[in-house]
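*Asks:* Residue numbers are given in the UniProt record's numbering: position 33 of the sequence shown equals residue 33, and the series is strictly consecutive.
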Amino acid sequence: MTIFTEIIEGKLPGFIIFEDDHHVAILDKYPIDTGHSLVIPKKPYEKITDMPKNEVADLFSLVPQIANAILKATGAVAFSIAQNNGKEAKQIVPHVHIHIIPRYANKATMWTKRGIPKDDELSQLQQKIKDSF
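1. Excluding the 5 residues preceding and the 5 following K87 in the sequence, name in chain order all residues of the same chain whose CB lies nearer than 6 Å to its CB.
2. Using the Cβ count rule (16 or more neighbours within 10 Å means buried), how would you classify F133?
3. Figure out for me which residue from N106, P41, D33, T5 has the closest Cα to the Cα of L125.
4. Please confirm whether R103 and Y30 have their CB atoms less than 7 Å apart.
5. Grouping DSSP H, G and I as helix and E and B as strand, with all else coil, what is A25?
6. Please report how far the alpha carbon of K72 lies from the alpha carbon of D131, in whole angstroms.
7. Going straight from the alpha carbon of I26 to that of I17, what length do you get?
8. Answer with buried or exposed for V24, where buried requires no fewer than 16 other C-beta atoms within 10 angstroms of its C-beta.
9. Apart from the five residues just before and just after E9, which ones in its own chain have a Cβ nearer than 7 Å to its Cβ?
10. E55 to S123, Cα distance in whole Å?
11. Could you check how far apart the C-beta atoms of A69 and I129 are, in whole angstroms? I think they sit under 8 Å.
Right under this line is the structure:
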């Protein structure tokens with residue numbers, strides 16, 4: 001069981017910004033930048049190559065909708081997406097997830113620098129993004 005499964009099952013708190021029957025999107029607890037979120041299938045596949053292609057398509061089809069809400073809520077002007085498979089590819093949690101990383105016109109964010117926002121900051125951002133759908 002991964003930390004994502006525990007969040008999905010409600011055993012651990014998570015800042016959920018989107019949920020449907022098969023997926024959740026949560027704020028990254030250690031974001032590269034404000035609004036950095038993860039889109040996660042509820043089924044605990046380790047790698048994207050373990051997933052049926054229709055489930056991969058369903059997962060990736062959510063990215064534009066979720067990214068638009070994040071951009072609207074945060075004022076970001078662009079975003080990056082990333083999806084890692086395997087420890088050597090820097091996949092930390094062995095459960096498929098897509099990173100949506102907002103980008104800002106006035107910030108030069110480093111991929112290797114991560115923040116540690118307080119829970120109340122994440123909670124406020126969570127509500128702002130949810131209100132932007």
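Glycine is no exception: its CB is placed at the ideal position from the N, C-alpha and C atoms.
On a predicted model such as this, the values are computed, not experimentally measured, just so you know.
*Replies:* Checking against the coordinates, here is how it stands:
1. Working through the sequence shown from its first residue, we reach residue 87 at position 87. Counting only Cβ-Cβ distances below 6 Å, and skipping sequence neighbours, we find nothing.
2. As a working note, residue 133 is residue 133 in the sequence shown. With fewer than 16 neighbouring CB atoms inside 10 Å of its own CB, F133 falls in the exposed class.
3. The sequence position of residue 125 within the sequence shown is 125, counting from 1. L125 has its Cα closest to that of D33, out of N106, P41, D33, T5.
4. Position 103 of the sequence shown, counting from 1, holds the residue named residue 103. Position 30 of the sequence shown, counting from 1, holds the residue named residue 30. No, they are not a contact pair.
5. Counting from one through the sequence shown, the residue named residue 25 turns up at place 25. Note: A25 maps to strand in three-state DSSP.
6. For the purposes of this step, residue 72 is identified with residue 72 of the sequence shown, where counting begins at 1. For the purposes of this step, residue 131 is identified with residue 131 of the sequence shown, where counting begins at 1. Taking the CA atoms as reference points, K72 sits about 10 Å from D131.
7. Taking the sequence shown and counting its residues from 1, one reaches residue 26 at position 26. Taking the sequence shown and counting its residues from 1, one reaches residue 17 at position 17. Whole-angstrom Cα-Cα distance: 5 Å.
8. Stepping through the sequence shown from its first residue, residue 24 is reached at position 24. By the neighbour-count rule (16 or more Cβ atoms within 10 Å), V24 is buried.
9. Within the sequence shown, residue 9 is the residue found at index 9, counting from 1. Answer for E9: no residue qualifies.
10. Within the sequence shown, the letter at position 55 stands for residue 55. Within the sequence shown, the letter at position 123 stands for residue 123. For E55 and S123, the distance between alpha carbons rounds to 29 Å.
11. Translated into positions along the sequence shown, residue 69 becomes position 69. Translated into positions along the sequence shown, residue 129 becomes position 129. About 5 Å separates the two Cβ atoms, so the contact holds.
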